[in-house]
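Have a look at the structure below before the remarks.
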Amino acid sequence: MRRRPRSIRIQQLAALMVAGSLAPAIAEVAHEMPPWSFDQHEIALGSAKHLTVLTGFFLGGALSDLAVLNVDEGDDCRLRIFAMDNGGDGADLGHGTWTQRLGANLGPEVSFVDVANIAGRDRLITFERGRLNWFDPESATQRALVEVPTNYKATHDLEGSPNQPGSEIPPVDITRDLNHDGRDDLVMPDVDGFWISTQLSDGSFADAVRVGPREPFADESTGKLDASEGSDKYRDTGITAATIPVYLSRVHEMDYDLDGLSDLVFWNEDHFEVYLQDETGLFDPIAKTFTVNVPFDSDGTYSRMFDFTDKGMFSLLFGLNKKTKRTVLHSFHDLNGDRIADLVTLTLAGRSILRQRSVYEAHFGSAGPDGVVFARHADTAIHPRSKAGGMQPWGYASQRFEDLDGDGQLEIMFRGVKVGGGGMIRALVGNSVPIDLEFSRMEDGIYPDKPTSKRKIRRFAPFAGLGNVFFPPVLMGDVNGDGRADLLLGQNPDELHIFFGAPGPELLVRKPQKVAVSVPPDERNTWLVDLNKDGKQDLLLHQTPTGHEPDKPHRVTMLVAR
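Be aware that the sequence shown starts at -10, since it is given in our numbering, and climbs by one per residue.
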């Protein structure tokens, strides 16, 4: 995909202070690498406190473009689009020069951005108060896309101004193919449900409709850990760039009535509400309800957070609380490849929200008289070995369900970190976050007791300097075009390790291919995208200036798969 993944780093370790002013200079350098791997390119984007970088085929060429956004001294959102000039043949990224092809002022009201494919063309999506727009590169103006009356709260809203000089325009992922028709749709959360707008066959969008129940924890206390203006209610934290992924973790999809169409499913206190998809790709605005015999306490991994809101930070870090346990609805997936959704629950137990044991249980679905039914008792369970934070549906304490080897059944990758008091101290002293990866592959209809494969990322660099904490990126995608998912790890700030996908139960080769490249310290600034539509994933790395070098320009490094 062309858009960057979004994940949130551990806030206690964040130390990225940036400053500077925008510089128009652009430089591009190509470096030759071994013929089996990548061509490497580097683009200097100028100096600024924050730059947001997105990829997409915005200008209609054969190669992906770069959209670069920042807030200038006049509080306006400034957009620049860069494209490669390689003589117009679009054949290869090995030759040519990256140049700025378009510049525009989007005004002071833009709060966040995304990318959507509309009528076969990638479009930059912008959100202003109550409205989503798309940027038209031909007229260099924004055009209204759909009204969305969500009360989004940008950080700068609290300061009484739409934008502040140097503030960030965050990328927020609100586009997804809800009805699985191959077109991007829009979904925007609100405290009282979700606004969805489905893309029609002609590229237009249906009017946004509200679906789903209200936020079940809207009136719960956050312990003032996340609250704004002194309030401790989760509803007052509201819809922000940080909470949108949490809200969207409550949007589930499965073919409930087994008609071959994907439906929208929400948990509402003691029952499910399902919005059935019709033959036109739209969803019935009137929900049907159904119940299951599977026991769980709540929906969404983040609900575990509210079990600890009355605890102090010291207790959270060192686990001095009474041990508690919560089982949550995690997701629906077709794990065993029978084309019927399976229900996955997650049980989290521990004395600290930052250090918990987890158990995933899968209840296989089967056809019932009215729709899919799930057995009360789990058909298989997975016990990850590592401990991790329990309130995040993304980021370092995360999991990934994907058919990595193409056999029709889903493998699961667990990513865990040591985020307790000792782990944080070790990360601060060693200037790197230690990561444990575990892979589980289904065998004979169940997941084994032990991981199928494991990987570790360890780095100890006590002399790297205070605040230079390295958050290693962990990415999966097919970079060599053989149809298997490959694992890319930022082993250290100067080296990337690639474990290619392999046939057999271990899923990955044992020995990595090493690539010398400067890896950003913030894993959110590294992502995979197909730049030239050749079916291979390419790698983008966004290097940002630090507090030690605030005037150093932002750089984007591209590793283009050969």
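Note that beta-carbon positions come from the ideal geometry of N, C-alpha and C, so glycine has one too. For clarity, every value in this text was computed on a predicted model and none was experimentally measured.
What do you get for Glu21, buried or exposed, if any count of 16 or more other CB atoms within 10 angstroms of its CB means buried?
Summary for Glu21: the model assigns pLDDT 45, below 50, so the residue's position carries little reliability; its value from the coordinates is reported in the next sentence. The Cβ neighbour count for Glu21, taken over all protein chains shown within 10 Å, is under 16; the residue is labelled exposed.
Please determine, among Glu495, Ala51, Leu247, the residue with the shortest C-alpha to C-alpha distance to Asp359.
Leu247
Where Phe297 and Leu34 are concerned, what is the direct C-alpha to C-alpha distance, given to the nearest angstrom?
43 Å
Buried or exposed for Asn140, going by 16 or more other Cβ atoms inside 10 Å?
exposed
If the criterion is Cβ atoms closer than 8 Å, does the pair Asn59 and Leu40 meet it?
yes
Closest to Tyr245 by CA distance: which of Asp523, Leu332, Gly470 is it?
Leu332
Would you kindly work out how many angstroms separate the C-alpha atoms of Thr280 and Leu68, rounded to a whole number?
Near 48 Å, if we compare the C-alpha coordinates of Leu68 and Thr280.
Compare the C-alpha of Ala37 against each of Ala143, Arg551, Arg544 and name the closest.
Arg544
Is DSSP giving Glu31 helix, strand or coil here?
strand
Thinking Leu265 and Phe255 are a contact (beta carbons under 8 Å), I'd like their distance in whole angstroms, please.
Not quite, the Cβ-Cβ distance comes to about 13 Å (not below 8 Å), so this is no contact.
Going by the DSSP bridge assignment, what does Gly92 pair with across the sheet?
Arg69
Take every Cβ of the stretch 317 to 336, pair it with every Cβ of the stretch 439 to 446, and state whether three or more of those distances are shorter than 8 Å.
The answer is no - the stretch 439 to 446 does not touch the stretch 317 to 336, with fewer than three Cβ pairs under 8 Å.
So, for Ala491: in the same chain, excluding its five sequence neighbours on each side, which residues have a beta-carbon less than 8 Å away from its beta-carbon?
Arg473, Leu497, Val498
Can you check DSSP and say which residues form a bridge with Thr515?
Leu530
Hey, out of Met465, Pro509, Ala505, Val506, whose CA is closest to Phe489's CA?
Met465
Taking the straight line between their C-alpha atoms, what separation do you get for Pro510 and His486?
15 Å
With DSSP collapsed to three states, give me the class of Arg344.
strand
State the beta-bridge partners of Phe46 as determined by DSSP.
Answer by DSSP bridge pairing: none, since Phe46 is not bridged.
DSSP beta-bridge partners for Gly555?
Since the first and last residues shown for the chain are -10 and 551, residue 555 lies out of range.
On the CB-based measure, 16 or more other CB atoms within 10 Å of its CB, does Glu350 come out buried or exposed?
buried
How close, in whole Å, do the beta carbons of Thr164 and Asp173 come, if the pair is a contact with beta carbons under 8 Å?
5 Å
Smallest Cα separation from His352: which of Glu400, Asp61, Val362?
Val362
Please classify Pro575: does DSSP put it in a helix, a strand, or coil?
Past the edges of the chain, shown from -10 to 551, lies residue 575, and the structure says nothing about it.
Alpha carbon to alpha carbon, what distance is there between Val283 and Phe124?
46 Å
What are the boundary residues of the alpha helix (DSSP H) that includes Thr226?
223 to 226
Let me confirm a value: Asp259 is counted as buried when at least 16 other C-beta atoms fall within 10 Å, else exposed. Which label applies?
exposed
Residues in the same chain with beta-carbon distance under 7 Å from Arg90, minus the five sequence neighbours each way, listed in chain order, please.
Leu48, Ile70, Phe71, Ala72
Within the same chain, show all residues whose beta-carbon is closer than 6 Å to that of Asp78, passing over the 5 residues directly before and after it, in chain order.
With a pLDDT of 49 at Asp78, under the threshold of 50, the modelled position of that residue is not reliable, and the figure given next carries that caveat. Nothing listed; no residue qualifies.
Cutting at 8 Å between CB atoms, please list the residues of its own chain near Asp523, excluding the five before and the five after it.
Gly470, Ala550
Does any CB atom of chain C fall closer than 8 Å to the CB of Gly119?
Given the protein chain composition of this structure (a single chain), no chain C is represented.
Taking 8 Å as the threshold (C-beta atoms), are Gln526 and Asp467 in contact?
yes
Given that a residue counts as buried once 16 or more other Cβ atoms are within 10 Å of its Cβ, and exposed if not, what is Ser553?
The chain is shown from -10 up to 551; residue 553 falls before or after that span and cannot be answered.
On the DSSP letters alone, give me the boundaries of the beta strand (DSSP E) that Pro178 sits inside.
Unbroken beta strand (DSSP E) run through Pro178: 174 to 179.
Tell me the rounded alpha-carbon separation between Gly354 and Asp166.
23 Å
Roughly how many whole angstroms lie between the Cα atoms of Gln131 and Pro437?
52 Å
Do Val99 and Ile114 come within 8 Å of each other at the CB atom, strictly closer than that value?
no
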